[in-house]
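Under our numbering, the first residue of the sequence shown is numbered 1, with each subsequent residue one higher.
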Amino acid sequence: MLKQTLLKATEAAAVIIKEYFDKQFTISNKEGINNLVTEVDHKSEDAIIEVIKENFPGHYILSEEVGEIIQDSEYKWIIDPIDGTVNYANGIPICCVSIGLEVSGKMEMGAVYNPFINEFFFAERGCGATMNNKKISVTDRTEVIKSCLVTGFPYTYLDLPNGPLQVFEKFIRKGVPVRRLGSAAIDLCWVAAGRFDGFYEHKLSAWDSAAGFIIVEEAGGKVTDLSGAYYNPYQPGIIASNGKIHDELIRIVNGGEI
Ligand code: IPD
Ligand code: CA
Ligand code: CA
């Protein structure tokens, strides 16, 4: 029932995201000059929450646009109704819906769906990760210098030592490819699918990473915070990788040389 609800909610959001993609919709600004929210983010979120409430009215919900719907429950649905909103608002089909389910403080299930290229990622704790129902797994590269990485940048400049631009510059100066897709959930899933060897980002929210986190883990990868501690989605930094380059990635993101 939990899985069915997750799939149904993901699908309900995807229908809306697709329907409005080439239509006119209103776009407004959140904190930061290009931190957008569209009418479609809200519609997608409403559809997801409706499905969850229909099936589990007593569950806790944390969703990007509405915030927290607090309930006394160990089940918490963590929702990003459109991850990659700037892409979406510009007609760039690199965006998705992302829904994670946390049970008693542990991520147990996650789904990420990009309806534009029809890629549906799913993972359940202990059962592996899939893309369109086929098992996926991380790469086995062992060196950062030979890796293909992905990252993202916050909407407002983060002025801190080893901040996003310094770390990015270091990789680029050494010729390590670092892509920037604009959707953290897709970044994580593409690590899980073996397209990237690693992903790091300095400032994410729980809804960006909740589903992707378990998808990477179940694909055999590793996810930590920037210091290397086991990942907690309620703090900002993330490093996700195939596991083999993880320690090196942590060292470099924290100021070490390549
Ligand atoms: C953003 C995307 C982006 C990341 C930002 C997020 P949104 O989410 O995941 O890749 O770099 O930090 O806020 O705003 O498109 O849901
Ligand atoms: Ca997001
Ligand atoms: Ca979003």
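Glycine included, every Cβ here is placed at the ideal spot set by N, Cα and C.
Assign K174 to one of two classes, buried (16 or more other C-beta atoms within 10 Å of its C-beta) or exposed (fewer than that).
-> For the purposes of this step, residue 174 is identified with residue 174 of the sequence shown, where counting begins at 1. The residue in question, K174, is exposed, as its Cβ has fewer than 16 Cβ neighbours within 10 Å.
Does the beta-carbon of S227 have 16 or more other beta-carbons within 10 angstroms, so that it is buried, or is it exposed?
-> Position 227 of the sequence shown, counted from the first residue, corresponds to residue 227. Classification for S227: exposed.
Looking only at DSSP bridge pairs, what is N114 linked to?
-> As a working mapping, residue 114 is identified with position 114 in the sequence shown. In the DSSP output, where bridge partners are listed per residue, N114 has E119.
Could you say if the region 12-27 and the region 123-133 meet the contact criterion of at least three C-beta pairs nearer than 8 angstroms?
-> no
Answer yes or no: do V103 and T10 have a C-beta to C-beta separation smaller than 9 angstroms?
-> Numbered from its first residue, the sequence shown carries residue 103 at position 103. Numbered from its first residue, the sequence shown carries residue 10 at position 10. For V103 and T10, no; Cβs fall outside 9 angstroms.
How far does the alpha helix (DSSP H) with T85 in it reach, from first residue to last?
-> Along the sequence shown, read from residue 1 onward, the residue named residue 85 stands at position 85. First-last of the alpha helix (DSSP H) with T85: 85-89.
Quick one, are the C-beta atoms of D225 and G237 less than 9 angstroms apart?
-> On the sequence shown, residue 225 is found 225 positions in, with the first residue counted as 1. On the sequence shown, residue 237 is found 237 positions in, with the first residue counted as 1. For D225 and G237, yes; Cβs fall inside 9 angstroms.
Same chain only: Cβ atoms within 8 angstroms of T85, ignoring 5 sequence neighbours per side = Residue numbering aside, residue 85 sits at position 85 when the sequence shown is read from its first letter. If we look at T85 and ignore the five residues flanking it on each side, its Cβ neighbours are L36, V37, T38, D41, C95.
Kindly provide the chain-ordered list of residues whose Cβ lies closer than 7 angstroms to any non-hydrogen atom of ligand 3.
-> D41, E64, D80, P81, I82, D83, T85, W207
May I ask you to check if the CB of A14 is nearer than 8 angstroms to at least one heavy atom of ligand 2?
-> Locating residue 14 in the sequence shown gives position 14, where the first residue counts as 1. No, since every heavy atom of ligand 2 falls outside the 8 angstroms radius drawn around the Cβ of A14.
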